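Here the numbering used here is used: the first residue of the sequence shown is 956, the next is one more, and so on. No residue lacks a Cβ here, since even glycine has one placed at the ideal position from N, Cα and C. The structure presented is a predicted model; accordingly, all values stated were derived computationally and were not measured.
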Amino acid sequence: MSESFIIEAEVRTDTGKGASRRLRHSDKVPAVLYGAGEDPVALTLSHNEMYHHLENEAFYSHILTINVGKKKEKAILKDLQRHPAKPRITHVDFQRVDMKEKIRIHVPLHFLNEDVSPGVKAGGLVTHSSTELHIVCLPKDLPEFIEVDLGKLELDASLHVSDLTLPKGVESVDLGHGDDSTHDHIIAAIHLPRAEKVVEEEAPAADEASSEGESKEES
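Listed below in structure tokens is the structure:
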């Protein structure tokens, strides 16, 4: 992970809905830091700083450094709440990270070579059933993203979780529960556009009707 993210935070002693509302009016964000066998700590964050961090995709799958006074905490973003109608962050949950313990986190999928795949060259369209993958790994092995190579995907074919090449030390949480279709779900597929499929299916029927008509005229 080449990037590093540092978040400045203050310990929050005034809690409750009213206190959170006052924080938001002053361009602050209420947050909580928990996990790793330590007590939860209520925090106050700068809204502008958090909003800027969240514009970077890598922020969601990185080990973050949270400066709380003189203490530096290692954590991952666990949950995020936004205002339903305004571009505002309303609450943030961070989970502490123990570098010796595995973490579960969602990481983004980056799709490669779609335009050169046999399926696309044959006129198919790519559909993405998932844009992220739930993984488990040690913090040191956490990837920023996982690449999904579609360069060999044929028309009417699909790529499942089990088809992905995961980095060393990284495992799929879903496949850990089983390899059936529920857990080994589709990541991406290539199919003809629906309109073209309808035309192709109707074409043979039309040809048969035309042949029958010609036979009747001959008789």
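If you draw a straight line from the C-alpha of E1056 to the C-alpha of T1082, how long is it?
35 Å
Contacts around M1005, its chain only, beta-carbon distance under 8 Å, and the 5 residues preceding and following it disregarded
I962, V984, I1044, V1047
Identify which residue in E1109, C1092, Y1015 has its Cα closest to the Cα of L1121.
C1092
Residue from P1039, T999, F1100 whose Cα sits closest to the Cα of D982:
T999
Whose C-beta lies closer than 8 Å to the C-beta of L1067 among residues of the same chain, with five residues either side of it excluded?
E1102, V1103, D1104, L1105, G1106
Buried or exposed (CB count within 10 angstroms, at least 16 for buried), S1072
buried
Note down the Cα distance separating R951 from A1040, rounded to an integer number of angstroms.
There is no way to answer for residue 951, as the model of the chain reaches only from 956 to 1174.
Complete beta strand (DSSP E) runs within the stretch 957-1020 (minimum length 3 residues, chain order)
961-966, 983-990, 993-1001
Do R1051 and A1030 have their C-beta atoms within less than 8 Å of each other?
yes
Assumed close pair V1116, H1140 - CB separation to whole angstroms, cut-off 8 Å
6 Å
Which of helix, strand or coil does DSSP assign to S1085?
coil
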